[in-house]
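A.B. asks: In order, the protein sequence lines correspond to chains B and W.
Numbering follows our numbering, in which position 58 of the first sequence is assigned residue number 58; successive positions increment by one, without gaps.
Going from the second sequence to our numbering is simple: count from 1 and add 1000.
Quick one: the structure is below, questions incoming.
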Amino acid sequence: MEVVLDKFEAFVGVNFFTMIFAWINLVILYVFLKKLLWKPVKNMIDSRQKEIDDMYSEAEESLKSADEMRAEYEKKISSADEESEEILRRAQRRATLREEEILKEADKKAKRVMERAEEEIMLEKQRAINDVKDEVSSIALDIAEAVIERDIDKADHEALIDEFIDKLGEEV
Amino acid sequence: MDINVSGAKIYFRIPFLGGYINITQTAVSLLAVTLILIIAAYFLGRNLKKRPGRVQVVTEKLVNMLYGMVEDTMGKHNLKFAPYIGTLFLSSIVGTLLGMTQIFRSTTADLSVTLAWALVTSVMVWYSNIKNFGFKAWLKGFTEPIVVMTPMNIVSEIAQPISLAFRHFGNVAGGGVLTSLVYAALAMVSNLLFGWLPGLLGNIPFFTAGIPAFLSIYFDLFSGFVQALVFSLLTMVYVGTANPPPEELPKTSDKSQA
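Right, dumping it as C-alpha cells:
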C-alpha cells in the first residue's frame, strides 16, 4: 500500500473500484433503509389507514343497526297501543253484557218472589176462609140445636150453612 | 492565478494485478453517505406510534410521497420498487449535499458513481424485459419497427445509462467547477480593488464572502434536488415500462414461442 498525497483522478473518468464501492454502498443502503425506514413506516401508515377504515365501517354498521332497532321499537310500540285499546274495548263489551245479564236475573228473581208471595197469600186466605166457615157453621149448628131442641141431620145443616157463608164471602 | 479542475483526490492506491486500485475521496464520501443515512433511518424508523409525533408525521408524509410517486409513475403492481427508488433518491441527494461541507466531495461529482447507479437501472430494465417478455422477444424488440433500425436501437439502449450517468454527473460536477471559477473571479476582483491596502488586508478576498452562497443555493441545493429527482424519475419510467401491469403481459406460453 502506498500513500499518495496531492494526486487527483481525472475530472471525467471512471474508476472501476469506485463503481464497485458505489454498488456495495447502494446494496447496503437498500437493505438497511428498507429494514429500518421504508418497511416500518409504510406498515405503520397502512395499519393506521386500516384501523381508520375499520372504525368508519364499524360506525356505519352500528348506525344502521340502531336505525333498524328504532324502527322495530316504533312498530312494537304502535302495535302495543292497538292491543291495549283492543283489550279495553273487549273488557267494556264484556262488562255491558254482564250488567245486562245481572239485571235480567235480578228481574226474574224478583218476579219469582212476588209470585210465590201471591200464592202464599191466596193459600192463607183460603185457609182463613175455611176456618171461619167451619167455626161459623159449628156455632150456627149449636144455635139451631138450641133453638129447635132437636137434632136435625147434621149433613143437611152443614150444606145449608156453607151456602150461606159462600154468599157472605162474596159480599165481603 | 491557477484554477485546477480535477477529479476526486486519491488518498492511497493498492497495487493490483500490475495496476493500481485508487482509493479516492469519493469512496470516503460514499461511506459517509451510507453511515449518515443508516443512522438517520434508525432514528426516524424506531418508536413509531399510532399517534405520531412531529418528526414521525414528516417522515410518514415523505414516505407516503415516495410510495405515491412510484404508484403514479410505475403503477400499483410495481410498488415493490419503491424502497429502491427511495434509497437511490436519498443516496443521490445526500451525496450531492455532502459536497457543501467542503470536507467531503460530492459522491455524484464522480462519474464512476453515477455510472454505477445508471447501470443498475439498465440491468433492472433488461432483467425485467427478459423476465416479462422472454429473451427472444427482447432481442426481437431491437429489430422493430423495421430491421434497418437495429443498430440505432442498440445504440439507444447503450446510450440510455450513459446519458443518465452523465446528466447527473455533469450537473453536479459542472456546478462545482462554476462555483470555484466564481470564487477565483471574485478573488481577482477583490485583489484589483483592495490590493493596494497594506499588509495582510490586501490579501483578503472580500467579495468571496456572501456572494457564492447564492450560487451554492442554486448549484448544490436546487440542482442537487432536481438531479436526484430526475435520476429517480427516469429510473422509475424505464423500469416501469419494462414491468407493465400483469393484465398486459403475454401469456407464459407466448414467451417461448416469441
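Even glycine gets a Cβ: it sits at the ideal position worked out from N, Cα and C.
Where do the ends of the alpha helix (DSSP H) carrying P1145(W) lie?
C.D. replies: First-last for P1145(W): undefined, no H or E at that position.
A.B. asks: Name, in chain order, the residues that DSSP records as bridge partners for F8(B).
C.D. replies: Paired residues: K1009(W).
A.B. asks: Measuring alpha carbon to alpha carbon, tell me which residue in S47(B), L29(B), A146(B), V41(B) is nearest R1046(W).
C.D. replies: When each option's Cα is compared against that of R1046(W), the closest is V41(B).
A.B. asks: To the nearest angstrom, how far is the alpha carbon of W38(B) from that of S1006(W)?
C.D. replies: Distance between the alpha carbons of W38(B) and S1006(W) is about 37 Å.
A.B. asks: Could you give the distance in angstroms between the alpha-carbon of W1126(W) and the alpha-carbon of M1069(W)?
C.D. replies: Taking the straight line joining both Cα atoms gives about 22 Å.
A.B. asks: Does the beta carbon of E9(B) come closer than 8 Å to any beta carbon on chain W?
C.D. replies: Yes, its Cβ sits closer than 8 Å to a Cβ of chain W.
A.B. asks: Measure how close the beta-carbons of N1132(W) and N1022(W) come, nearest whole angstrom, since I'm counting them as under 8 Å.
C.D. replies: With 8 Å as the limit, N1132(W) and N1022(W) do not qualify as a contact, their Cβ atoms being about 39 Å apart.
A.B. asks: CB-CB under 8 Å to Q1257(W), same chain, minus the five flanking residues each way: which ones, in chain order?
C.D. replies: Because Q1257(W) sits at a pLDDT of 46, beneath the cut-off of 50, its placement in the model cannot be relied upon, and the following sentence gives the value as read from the coordinates. Cβ within range, chain order: n/a, list empty.
A.B. asks: Decide if the stretch 1092 to 1111 of chain W is in contact with the stretch 1158 to 1172 of chain W; the criterion is three or more beta carbon pairs, one per stretch, under 8 Å apart.
C.D. replies: Short answer: they touch.
A.B. asks: Taking only the alpha-carbon atoms, compute the straight-line gap between K154(B) and I129(B) and give it to the nearest angstrom.
C.D. replies: About 21 Å.
A.B. asks: Taking all protein chains shown into account, decide if P1245(W) is buried (16 or more other Cβ within 10 angstroms of its Cβ) or exposed.
C.D. replies: Counting Cβ neighbours within 10 Å, P1245(W) comes out exposed, since fewer than 16 surround it.
A.B. asks: Relative to the C-alpha of V1239(W), which candidate in A1082(W), R1051(W), T1026(W) has its C-alpha closest?
C.D. replies: Checking every option, the nearest Cα to that of V1239(W) belongs to A1082(W).
A.B. asks: Quick one: residues in its chain with C-beta nearer than 6 Å to the C-beta of M1(B), no 5 flanking neighbours on either side, listed in chain order?
C.D. replies: Residue confidence for M1(B) is low, a pLDDT of 47 falling below 50, so the modelled location carries little weight and cannot support an answer.
A.B. asks: Any beta carbon of chain W sitting closer than 8 Å to that of F17(B)?
C.D. replies: At least one chain W Cβ lies under 8 Å of F17(B).
A.B. asks: Using the Cα positions of S47(B) and K1009(W), report the straight-line distance between them to the nearest angstrom.
C.D. replies: For S47(B) and K1009(W), the distance between alpha carbons rounds to 48 Å.
A.B. asks: For a test of the three-state rule: what should DSSP assign to A1209(W), helix, strand or coil?
C.D. replies: Note: A1209(W) maps to coil in three-state DSSP.
A.B. asks: Taking a cut of 8 Å between CB atoms, which residues from the stretch 26 to 38 of chain B lie near chain D?
C.D. replies: Among the chains of the structure shown, chain D does not appear; the protein chains present are B and W.
A.B. asks: Write down the C-beta distance between A1165(W) and L1115(W) rounded to the nearest angstrom, noting that I regard them as a contact closer than 8 Å.
C.D. replies: Right, their Cβ atoms sit about 4 Å apart.
A.B. asks: Kindly list, in the order they appear in chain W, the residues whose Cβ is closer than 8 Å to that of M55(B).
C.D. replies: Per Cβ cutoff of 8 Å: no residues; M55(B) is ~12 Å from chain W at best.
A.B. asks: Along the stretch 1050 to 1063 of chain W, what residues have a CB closer than 7 Å to any CB found in chain B?
C.D. replies: So the list reads K1050, T1059, E1060, V1063, given in the order they occur along the chain.
A.B. asks: Chain W partners of I77(B), CB-CB under 9 Å?
C.D. replies: Those do not exist, as I77(B) stays about 43 Å from chain W at its closest Cβ, beyond 9 Å.
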